[in-house]
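*Asks:* Protein chains in written order, with this note's numbering: chain A, 1 to 543; chain B, 1 to 307. A virtual CB, placed ideally from N, CA and C, is assigned to each residue, including glycine. Keep in mind the model is a prediction, meaning the values are calculated, not measured.
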Amino acid sequence: MHRNIRFILPALAMLWLAPPLFAQEAARPSLEQKVEELRRQMEDGRKAFEAQTKEMQQKLADLAKPSAPGTGETRPLPPQDVENFRRQMEERQKAFDAWMKEMQRKLDELSKSQTQEESPNDAAIRKAVERIMAEEERKKSSPQTEAQSGVTPEQMQELNEKVDRVAEAQKKTLLSEFNPSIGLVGETIFSYHRRRSDESGSDRPGGFDVFQRSVELNAAASVDPFAKAYVVANAQADPVTGESTLGIEEAALQTTSLPWNLELKAGRFFGEFGRLAYIHDHELPFVNRPLVLAQYIGGESRTDGLQVNWLLPTSHYISWTAGVGNNFGGDSPNPDNPGAYRGFTGLNFWSRLSTYFDLTPNWQLETGVSGLWNPTTEDRGGAIVQPNGVSTLTEKERRLVGADWKLSYVPLRDNQFNRITWGNEVLYGDNHYLSDPDGVPASGDEHTKSVGSTGLYSYLEWKWHRPWSSGFLFDFVENQYDKHDRTYQYSPYITWAISHWNQLRLQYTHTEHAGTSPFHADDAVMLQWAWIIGSHSHGWQQR
Amino acid sequence: MRPRLLAALSLMAFTAVLLAAQPAHAAKIRVVTTLTDLADFTREVGGDLVEVHSLATGVEDTHGVPMKPSFVPIMNRADLMVLVGFDCEHAFLPALLEASKNPRIQYNHSGYVDCSKGVIPIGVPKSTDHSEGDVHPYGNPHYMLDPVLAKTAVRNICDALVAQAPEHAAEFTHNRDAYLAKLDAKMAEWKKLAEPLKGVKFISYHEEWEYFAKAFGMEAYGTVEIKPGIDPTARHIESLIAGMRADHVTIVIREPQFPERVPRLIAEKTGATLVKLPIMPGGVEHTDTYIEMMDYIVHTLVEAHKT
């Protein structure tokens, strides 16, 4: 219908224009009428001439009648009268021939113009139609100018130039357009720790330190209409040797068009467990990863596996995720173990169920529960030497459950300038170990041991301007090998987001150890400078 | 453990079947729009045949609508996703679309209704380098503030509705034409009313009024932001104030989603009039529809110019 309008409009315009034009036709004779009129006049003139000639011949015959009735004698005409009559007849014939000749000339001219020229009415119709067609073509190429009645010729010229530029640009296809979107993230940590690392248990040296924590290269693109893929390669400095190594943090394929609200992810990725485990370091709200995530999960929830996510078909948001993977956690060992055989129970299984509530238009509550289970883990970490330097623990089974909730004040009007977030996560680990008190394998004192340990973090953050926010993080964790070894951390921090791609964060952390912990309290100041170049978008998980 | 696992899986599967067996959806076309002006247009064209939900309520930043998970089920069931385009919704829509798991409304699918189709943008950057701030690579996306260009959005919405329900094409087309006629009449009225605004210079917080200025003959002098998405520095404000004084800039526009402090300070220093103007329906009170919003904007600016 919309496309056909360019044909319908001219037709309607013709109908609209036609009646007045036909009215003019009636007032002013057309070419055909003129020709017909001339022909009619010629016929009438010929008939009139013939009639007059007949009348004159009759008079001549009357003049030649007998002078006396019944006598049979004719009276001779005077010679001058006969001569006059003959001259009149000739003059009439000449006049008639000249008139007929003139009429024929006019007729020929009209006939010629009828075949070669366009009548004024026809020309008016043709011009009107052409103008409407041109207008429709112009509207077709730049629809938004359709309503700009009254625009100046200069504006029209400018618009036409723009249309041409756009049309020209659309023809260009660069090879680079086939490239995936690429971004690079850099993150440097400047820090000062009051104690040596062997006294504080920190993974960074005491005193002053500069640590290029990560340089991440991100690339993502659609694979085809059914899937997309992304890669995160991370160049990271080794904490001990300082040498940089390039590793693949994530490289996964993710479906985009599965039915029944399903989504599959396969490859290396951060498995969905808890609230912050699958967030990259530079996207955390604070400088360090919470202790409980660092210890119980092993940092980021990296896995080589398969994960399915299902958005339940309800009017309330409920999301369910389940996955299976070889390892789980950035530091989780994944030894090659030549010759070993890993059964199905040797894999990690995890799941998460999450939901969300709009408490008010400005207050939101997100919550979820997660679980991780690795039924057989003896082939992974090997024997772990305990702090006494003698006894060892070998993990046999890994079990972890967690609950998280986040209460947020996100005002609709100015959420870029004002926001409050209270985030919490509690994890409970119930791992089974083979304990060897003397550290000598098969000496007879080995026994299985279960350790139930708890850890949590809670942070409150207030964003009071677009670039500025500050918060406080509380950390608590029980050692997953010895629940009596407890660590507490208190970390106020302030963030200055100079722009979306350039951010500074200053954090002070006070660490306390309790129970059987061999470490001492420590204080640290950290300045994190993170930057992004190129493409960078926040996915659903990073919201 | 295994019997318990099997029981849990069975319960989950049973629940899934129950949830999947929901009653059939109503016959109405379910439309989700990113912004409120698009929702208004969709209601005008679709009438009773559409069920419209806008992600924004009107007071949000067009680039910063909060990504609420409660949007996800709504988008999951949508037939059409109507958006401004030109990357206006880049900060929230791609992630929401991914989470919605609705193939119909994904980019390049039939339910993805980009209303910028047919609009020639202004302010297309020569480079998308971030030294220019959070630039929009396809040009300034705030074309909805030009009623003539907004008509293009109306047409695009109508086309999408017709494609979705061809049996109602006549009704949609009739509604569209009636609404466009109404907009034409209002535009003539706004143009006449805004005659005194021709050549009047103004600043705004964000580059939101370039299309409006062009439509009504005003002159966008500058922005409070240094660059799009980059907050002002003291030096920038000083420079802006000096320039405004020299060039007789008389109006300071503050969009509802931005703080008032700096625009007020600039207005006080320069003697310009500070006005708060909505960027979509619902941004301020009594602007529930697009026409009401444009009425409010034009009247407020004319009054500000008088003072």
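Does the beta carbon of A:Glu263 come closer than 8 Å to any beta carbon on chain B?
*Replies:* With 8 Å as the cut-off, A:Glu263 counts as an interface residue toward chain B.
*Asks:* Hey, quick one: how far does the alpha helix (DSSP H) through B:Phe41 stretch, first residue to last?
*Replies:* B:Phe41 -> alpha helix (DSSP H) spans 36–46.
*Asks:* Please list the partners that A:Pro467 has in chain B, where partner means a Cβ-to-Cβ separation under 9 Å.
*Replies:* Residues of chain B passing the Cβ test: Asp231.
*Asks:* Which chain A residues sit within Cβ distance under 8 Å of B:Glu60?
*Replies:* Correct list: Leu412, Arg413, Asn415.
*Asks:* Write down every uninterrupted run of the beta strand (DSSP E) in the region 270–336 of chain A whose length is 3 residues or greater and which is fully enclosed by it, in chain order.
*Replies:* Correct list: 302–311, 318–325.
*Asks:* Using a Cβ-Cβ cutoff of less than 6 Å, which residues in the same chain neighbour A:Asp485 once the five nearest sequence positions on both sides are dropped?
*Replies:* Contacts found: Asn479, Gly515, Thr516, Ser517.
*Asks:* Taking the straight line between their C-alpha atoms, what separation do you get for A:Val232 and B:Ile120?
*Replies:* Distance between the alpha carbons of A:Val232 and B:Ile120: 36 Å.
*Asks:* Could you spell out the range, first to last residue, of the alpha helix (DSSP H) harbouring B:His174?
*Replies:* Residues 169–193.
*Asks:* Give the secondary structure of A:Leu460 by DSSP, where H, G and I count as helix, E and B as strand, and everything else as coil.
*Replies:* Strand.
*Asks:* Excluding sequence positions up to five away, which residues of its chain have a Cβ less than 6 Å from the Cβ of A:Tyr428?
*Replies:* Excluding positions up to five away in sequence, the list reads Val401, Thr454.
*Asks:* When DSSP builds the beta bridges, which residues end up paired with A:Ile533?
*Replies:* Its beta-bridge partners are A:Leu184.
*Asks:* Leaving out five residues on either side along the sequence, give the residues of the same chain with a beta carbon under 6 Å from the beta carbon of A:Arg419.
*Replies:* Contacts found: Val410, Lys463.
*Asks:* Any idea what DSSP makes of A:Asp475, helix, strand or coil?
*Replies:* If DSSP states are grouped into helix, strand and coil, A:Asp475 belongs with the strands.
*Asks:* So, with DSSP's three-state summary, where would you put B:His299?
*Replies:* DSSP places B:His299 in helix when its eight states are reduced to three.
*Asks:* CB-CB under 7 Å to A:Ala403, same chain, minus the five flanking residues each way: which ones, in chain order?
*Replies:* So the qualifying residues of the chain are Val369, Val426.
*Asks:* Verify the CB distance criterion: does B:His206 have a CB-CB separation below 8 Å to chain A?
*Replies:* Cβ-Cβ to chain A under 8 Å: no for B:His206.
*Asks:* Find the residues of chain A that neighbour B:Val72, judging by a C-beta separation of less than 9 Å, and give them in chain order.
*Replies:* Simply Leu311, Tyr317, Ser319, Tyr356, Trp540.
*Asks:* Just the C-alpha distance for B:Thr289 and B:Gly282, rounded to the nearest angstrom, thanks.
*Replies:* Distance between the alpha carbons of B:Thr289 and B:Gly282 is about 7 Å.
*Asks:* Taking three-plus beta-carbon pairs below 8 Å as touching, is the region 120–138 of chain B in contact with the region 66–77 of chain B?
*Replies:* Cβ pair count under 8 Å is below three, so no.
*Asks:* I'd like the ranges of any beta strand (DSSP E) spanning at least 3 consecutive residues and lying wholly in the region 45–86 of chain B.
*Replies:* The qualifying runs are 50–54, 80–83.
*Asks:* At what residues does the beta strand (DSSP E) containing B:Ala91 begin and finish?
*Replies:* From DSSP, B:Ala91 is part of no beta strand (DSSP E); its letter is neither H nor E.
*Asks:* Name, going along the chain, the residues of the region 84–106 of chain B whose beta-carbon falls closer than 9 Å to a beta-carbon of chain A.
*Replies:* Here the close residues are His90, Ala91, Phe92, Pro94, Ala95, Leu96, Glu98, Ala99, Ser100, Lys101, Asn102, Pro103, Gln106.
*Asks:* With H, G and I counted as helix, E and B as strand and the rest as coil, what does DSSP make of B:Tyr143?
*Replies:* Note: B:Tyr143 maps to helix in three-state DSSP.
*Asks:* Starting from A:Glu550, find everything on chain B with Cβ-Cβ shorter than 9 Å and list it in chain order.
*Replies:* As shown, chain A starts at 1 and ends at 543. That puts residue 550 of chain A outside it, with no answer to give.
*Asks:* Under DSSP, the beta strand (DSSP E) around A:His513 begins and ends at which residues?
*Replies:* Residues 502–515.
*Asks:* B:Pro256 versus chain A: which residues are under 7 Å apart at the beta carbon?
*Replies:* By Cβ distance, chain A contributes Arg413.
*Asks:* Is A:Trp501 close to chain B? Criterion is C-beta to C-beta, closer than 8 Å.
*Replies:* Cβ-Cβ to chain B under 8 Å: yes for A:Trp501.
*Asks:* Terminal residues of the continuous beta strand (DSSP E) containing A:Ser391?
*Replies:* Taken as a continuous stretch (DSSP letters only), A:Ser391 belongs to no beta strand (DSSP E), as it is neither H nor E.
*Asks:* Are the C-beta of A:Ser470 and some C-beta of chain B separated by less than 8 Å?
*Replies:* With 8 Å as the cut-off, A:Ser470 does not count as an interface residue toward chain B.
*Asks:* Where A:Leu460 and B:Glu89 are concerned, what is the direct C-alpha to C-alpha distance, given to the nearest angstrom?
*Replies:* Taking the straight line joining both Cα atoms gives about 29 Å.
*Asks:* Please compile the residues from chain B whose C-beta is within a distance smaller than 8 Å of the C-beta of A:Ser257.
*Replies:* Pro103, Gln106, listed in chain order.
*Asks:* Report, in whole angstroms, the separation of the C-beta atoms of B:Glu207 and B:Asn156, which I expect to be a contact under 8 Å.
*Replies:* About 23 Å separates the two Cβ atoms, so there is no contact after all.
*Asks:* Given a threshold of 16 other Cβ atoms within 10 Å of its Cβ, counted over all protein chains shown, does A:Glu187 qualify as buried or as exposed?
*Replies:* Answer is buried; the Cβ neighbour count reaches 16.
*Asks:* Take B:Tyr107 and list the residues in its own chain whose beta-carbon comes closer than 6 Å to its own, dropping the five residues that flank it on each side.
*Replies:* So no residue of the chain qualifies.
*Asks:* Take the Cβ of B:Val59 as the centre, count every other Cβ of all protein chains shown within 10 Å, and call the residue buried at 16 or more, exposed below.
*Replies:* Counting Cβ neighbours within 10 Å, B:Val59 comes out buried, since at least 16 surround it.
*Asks:* Counting pairs of Cβ atoms below 8 Å between the region 240–256 of chain B and the region 269–284 of chain B, do you hit three or more?
*Replies:* Because the criterion of three Cβ pairs below 8 Å is met, the region 240–256 of chain B and the region 269–284 of chain B touch.
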